[in-house]
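*Asks:* Residue numbers (my numbering): 56 to 415.
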Amino acid sequence: MEASAKKTEQFSQKLSDILNYGALNTAMGIGYACGAFEALSKFDEPAPCESIAMQGGLDERYLKEWLGVMVTGGIVEVFEEDDDEFYMLPKEYVPLLTRGGGNSNMGVYTQEIPLLTHCAFNEIQSGMRTGDGVGYEQYQPFYAFMEELANAKHEQVLIDTFLPSVQGGAIVERLHQGITVCDIGCADGLVLNLMAQAFPHSKFVGFDIDEKSIRKAEQRAAASGLTNVIFTLQDAGAEVVEAEQFDYIMAFDAIHDQTRPFEALKNIQLMLKSGGVFSMVDIKASSSVMQNKNHPMGAFLYTVSLMHCMPVGLVNDGMGLGMMWGKEQALALCEAAGFSSVEVTDIPEDGFNSHYLCHK
Ligand SMILES: C[S@@+](CC[C@H](N)C(=O)[O-])C[C@H]1O[C@@H](n2cnc3c(N)ncnc32)[C@H](O)[C@@H]1O
Numbered sequence: 056m057e058a059s060a061k062k063t064e065q066f067s068q069k070l071s072d073i074l075n076y077g078a079l080n081t082a083m084g085i086g087y088a089c090g091a092f093e094a095l096s097k098f099d100e101p102a103p104c105e106s107i108a109m110q111g112g113l114d115e116r117y118l119k120e121w122l123g124v125m126v127t128g129g130i131v132e133v134f135e136e137d138d139d140e141f142y143m144l145p146k147e148y149v150p151l152l153t154r155g156g157g158n159s160n161m162g163v164y165t166q167e168i169p170l171l172t173h174c175a176f177n178e179i180q181s182g183m184r185t186g187d188g189v190g191y192e193q194y195q196p197f198y199a200f201m202e203e204l205a206n207a208k209h210e211q212v213l214i215d216t217f218l219p220s221v222q223g224g225a226i227v228e229r230l231h232q233g234i235t236v237c238d239i240g241c242a243d244g245l246v247l248n249l250m251a252q253a254f255p256h257s258k259f260v261g262f263d264i265d266e267k268s269i270r271k272a273e274q275r276a277a278a279s280g281l282t283n284v285i286f287t288l289q290d291a292g293a294e295v296v297e298a299e300q301f302d303y304i305m306a307f308d309a310i311h312d313q314t315r316p317f318e319a320l321k322n323i324q325l326m327l328k329s330g331g332v333f334s335m336v337d338i339k340a341s342s343s344v345m346q347n348k349n350h351p352m353g354a355f356l357y358t359v360s361l362m363h364c365m366p367v368g369l370v371n372d373g374m375g376l377g378m379m380w381g382k383e384q385a386l387a388l389c390e391a392a393g394f395s396s397v398e399v400t401d402i403p404e405d406g407f408n409s410h411y412l413c414h415k
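1) What residue ranges within the stretch 223–269 form continuous alpha helix (DSSP H) runs of no fewer than 4 residues, ordered along the chain?
2) Is the beta carbon of residue 317 less than 7 Å from the beta carbon of residue 289?
3) Under 7 Å Cβ to Cβ from residue 120, same chain only, skipping five residues before and after it: list those, please.
4) With 16 as the cutoff for other CB atoms within 10 Å, does residue 375 come out buried or exposed?
5) Taking 6 Å as the cut-off, does the CB of residue 240 come closer than this to any heavy atom belonging to ligand 1?
6) What's the gap between the Cα of residue 300 and the Cα of residue 322?
7) Helix, strand or coil for residue 72? Go by DSSP, reduced to three states.
8) For the beta strand (DSSP E) containing residue 368, list its first residue and its last residue.
9) What first and last residue would you give for the beta strand (DSSP E) that runs through residue 413?
10) Using a threshold of 6 Å, is the CB atom of residue 291 nearer than that to any non-hydrogen atom of ligand 1?
11) Can the beta-carbon of residue 227 be found closer than 7 Å to that of residue 218?
12) Check whether the Cβ of residue 138 lies closer than 6 Å to any heavy atom of ligand 1, and answer yes or no.
13) Residues in its own chain within less than 6 Å of residue 239 by CB, not counting five upstream and five downstream?
14) Which residues in the same chain have their Cβ closer than 6 Å to the Cβ of residue 19, if we skip the five residues on either side of it in sequence?
15) Is the distance from the Cβ of residue 338 to the Cβ of residue 378 below 7 Å?
16) Is residue 407 near ligand 1 - that is, is its Cβ less than 6 Å away from at least one heavy atom of it?
17) Taking the beta carbon of residue 315 as the centre, do at least 16 other beta carbons fall within 10 Å, making it buried, or is it exposed?
18) CB-CB under 6 Å to residue 108, same chain, minus the five flanking residues each way: which ones, in chain order?
19) By Cβ distance below 8 Å, which residues in the same chain neighbour residue 298 in space, the five residues on each side in sequence not counted?
20) Given this structure, state the Cα-to-Cα distance separating residue 85 from residue 294, to the nearest angstrom.
21) List the whole-angstrom C-beta distance separating residue 176 from residue 363, where the pair is believed to meet the contact cut-off of C-beta under 8 Å.
22) Does residue 331 come out as helix, strand or coil in the three-state DSSP assignment?
23) When the Cα atoms are used, what is the spatial distance from residue 59 to residue 156?
24) CA-CA distance, residue 265 and residue 287?
25) Once DSSP output is grouped into helix, strand and coil, what is the label at residue 215?
26) Kindly give me the distance between the Cβ atoms of residue 302 and residue 234, rounded to whole angstroms, as I take these residues to be in contact under 8 Å.
27) Mapping the DSSP letters down to three states, classify residue 277 as helix, strand or coil.
28) Could you say which of 229, 252 and 304 lies nearest to residue 260 if we only look at CA atoms?
29) What's the C-alpha gap between residue 336 and residue 135?
30) Between the Cα of residue 249 and the Cα atoms of 229, 284 and 268, which residue gives the shortest distance?
31) Around the C-beta of residue 359, are 16 or more other C-beta atoms found within 10 angstroms, so that it is buried, or is it exposed?
32) Using a Cβ-based criterion (distance less than 6 Å to any ligand heavy atom), does residue 65 qualify as near ligand 1?
33) For residue 127, count neighbouring C-beta atoms within 10 Å of its own C-beta (all shown protein chains included) and say buried if the count is 16 or more, exposed if not.
34) Are residue 373 and residue 341 touching if we call contact CB-CB under 7 Å?
35) Residue 430 by DSSP, collapsed to three states: which one?
36) Report whether the distance from the Cβ of residue 323 to the nearest heavy atom of ligand 1 is below 6 Å.
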């Protein structure tokens, strides 16, 4: 076959795969959300649709259609006996698709693109022509999902894995002795509340622009009886900040979404005391599409950026860095913001992010 015709045929096959996998992702996200994989996982033997529906409290007719997607998509196995059908989720797939799988659970991410599509399909389509940003208010169902995901991760790794990895454990020693700490984009305050509990001699301040999150963070701190943490409604890129306030500043997944990330980085540099450090945890990627060409999750991550991170960062003529702003751009902005040096390292138990440790 002529090379060009072969290329067309291969691409046509790829398009069929894309349509099937895209559809499969949507159905998997719905099934994950309503506990259909958990229901399937309870059976050691192939089971009829009726029993699986009963097990999961699901409607049998809906489940039958959903199982059709899962079987043709190669997720669930089907068996036939006396004209009856029986379904089975291979036991090897269970930890990858259910909540009990902990760190192995990838099923949770099947909800991400369907949720973003639900929140902002029309706005992104229109933004492709107008260049307009999309406000945070558009994404409420997505935030509830992301908050649950991020909080589960912070609970697992922040105190015992991440912080001991910062400066070879030196920051943990200083936290025990008593320092001042700020979390930029603190959301509902989980990180700071965990730290305030673990390090009672240190003082903690959280900044976020979302009032609902700040109130929730305050309520949680009060419910835990914490007196060494406060939360402030504060734009990290705002013009007036007090210099030399903090020994340690952190930003988990909270710089690239901002409309004025460069101003935020300059403020962070200013707010650090002499000898202070800033931990920026952000996506591990290059700024160049060419360099990201073989990233195993590249299409997924760029889609999340296209549908959320970039448009929220474009509001009010914002910079709109997007999640895939990458190492080269991050280093250039940190340097221009005045940090004297930046070390970029991998993070234990986190293949998606890099740790930028910036020195005042
Ligand atoms: C993706 S969330 C990350 C939340 C949290 N740090 C975590 O690890 O789960 C980004 C947070 O940054 C906040 N944010 C966005 N722009 C901000 C700004 N200019 N100043 C302060 N916070 C901001 C958002 O409201 C949101 O809570």
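Beta carbons are placed, not taken as given, at the ideal position from N, Cα and C, and that holds for glycine.
*Replies:* Put simply:
1) Complete alpha helix (DSSP H) runs here, min 4: 225–232 and 245–253.
2) Sequence index remark: in the sequence shown, residue 317 carries index 262 (1-based). Sequence index remark: in the sequence shown, residue 289 carries index 234 (1-based). No, they are not a contact pair.
3) Reading the sequence shown from its first residue, position 65 is the one you call residue 120. So the list is empty, once near-sequence residues are dropped.
4) The sequence position of residue 375 within the sequence shown is 320, counting from 1. That one is buried.
5) Residue 240 sits at position 185 when you count from the first residue of the sequence shown. Within the cutoff, so yes.
6) On the sequence shown, residue 300 is found 245 positions in, with the first residue counted as 1. On the sequence shown, residue 322 is found 267 positions in, with the first residue counted as 1. Cα atoms of residue 300 and residue 322: separation of roughly 11 Å, rounded to the nearest angstrom.
7) Residue numbering aside, residue 72 sits at position 17 when the sequence shown is read from its first letter. DSSP places residue 72 in helix when its eight states are reduced to three.
8) Numbered from its first residue, the sequence shown carries residue 368 at position 313. No beta strand (DSSP E) holds residue 368; the alpha helix (DSSP H) holding it covers 365–369.
9) Stepping through the sequence shown from its first residue, residue 413 is reached at position 358. Annotation for residue 413: the continuous beta strand (DSSP E) segment containing it runs 405–414.
10) On the sequence shown, residue 291 is found 236 positions in, with the first residue counted as 1. At least one heavy atom of ligand 1 is nearer than 6 Å to the Cβ of residue 291, so yes.
11) Taking the first residue of the sequence shown as position 1, residue 227 is located at position 172. Taking the first residue of the sequence shown as position 1, residue 218 is located at position 163. Yes, the Cβ-Cβ distance between residue 227 and residue 218 is below 7 Å.
12) Numbered from 1 along the sequence shown, position 83 holds the residue referred to as residue 138. No, the Cβ of residue 138 stays beyond 6 Å of every heavy atom of ligand 1.
13) The residue you call residue 239 lines up with position 184 of the sequence shown. The answer, listed in chain order, is 262, 291, 306 and 309.
14) Within the shown structure, residues of the chain are numbered from 56 to 415, placing residue 19 beyond reach of any answer.
15) The count along the sequence shown starts at 1 and reaches residue 338 at position 283. The count along the sequence shown starts at 1 and reaches residue 378 at position 323. If you check the CB distance, residue 338 and residue 378 come in under 7 Å.
16) Here residue 407 refers to the residue found at position 352 of the sequence shown. No, ligand 1 has no heavy atom inside 6 Å of this Cβ.
17) By 1-based counting over the sequence shown, the position of residue 315 is 260. Buried is the call here.
18) Numbered from 1 along the sequence shown, position 53 holds the residue referred to as residue 108. In its chain, beyond the 5 residues on either side, 115 and 118 have a beta carbon closer than 6 Å to the beta carbon of residue 108.
19) Counting from one through the sequence shown, the residue named residue 298 turns up at place 243. So the list reads 325 and 326, once near-sequence residues are dropped.
20) Walking along the sequence shown from the start, residue 85 turns up at place 30. Walking along the sequence shown from the start, residue 294 turns up at place 239. Rounded to whole angstroms, residue 85 to residue 294 spans 43 Å at the Cα level.
21) Counted from its first residue, the sequence shown places residue 176 at position 121. Counted from its first residue, the sequence shown places residue 363 at position 308. With 8 Å as the limit, residue 176 and residue 363 do not qualify as a contact, their Cβ atoms being about 12 Å apart.
22) For the purposes of this step, residue 331 is identified with residue 276 of the sequence shown, where counting begins at 1. Looking at residue 331 - three-state DSSP - the assignment turns out to be strand.
23) Position 4 of the sequence shown, counted from the first residue, corresponds to residue 59. Position 101 of the sequence shown, counted from the first residue, corresponds to residue 156. If you take the alpha carbons of residue 59 and residue 156, they lie about 45 Å apart.
24) Your numbering for residue 265 matches position 210 in the sequence shown. Your numbering for residue 287 matches position 232 in the sequence shown. Cα-Cα distance, rounded: 10 Å.
25) Translated into the one-based positions of the sequence shown, residue 215 becomes position 160. Correct three-state label for residue 215: helix.
26) Stepping through the sequence shown from its first residue, residue 302 is reached at position 247. Stepping through the sequence shown from its first residue, residue 234 is reached at position 179. Rounded to the nearest angstrom, the Cβ distance from residue 302 to residue 234 is 4 Å, consistent with a contact under 8 Å.
27) The residue given as residue 277 occupies position 222 in the sequence shown. In the structure shown, the three-state DSSP call for residue 277 is helix.
28) Numbered from 1 along the sequence shown, position 205 holds the residue referred to as residue 260. Closest by alpha carbon: 304.
29) Position 281 of the sequence shown, counting from 1, holds the residue named residue 336. Position 80 of the sequence shown, counting from 1, holds the residue named residue 135. Their Cα atoms are separated by approximately 50 Å.
30) Taking the first residue of the sequence shown as 1, we reach residue 249 at position 194. When only C-alpha atoms are compared, the closest one is 284.
31) Here the question's residue 359 lines up with position 304 in the sequence shown. It counts as buried.
32) Taking the sequence shown and counting its residues from 1, one reaches residue 65 at position 10. Checking every heavy atom of ligand 1 against the Cβ of residue 65, none is found closer than 6 Å.
33) Here residue 127 refers to the residue found at position 72 of the sequence shown. Classification of residue 127: exposed, given that the 10 Å Cβ count is below 16.
34) In the sequence shown, residue 373 corresponds to position 318, counting from 1. In the sequence shown, residue 341 corresponds to position 286, counting from 1. Result no, Cβ atoms of residue 373 and residue 341 do not sit closer than 7 Å.
35) Residue 430 lies beyond the stretch modelled for the chain, which goes from 56 to 415, so this question has no answer here.
36) Your numbering for residue 323 matches position 268 in the sequence shown. Residue 323 has its CB no nearer than 6 Å to any heavy atom of ligand 1.
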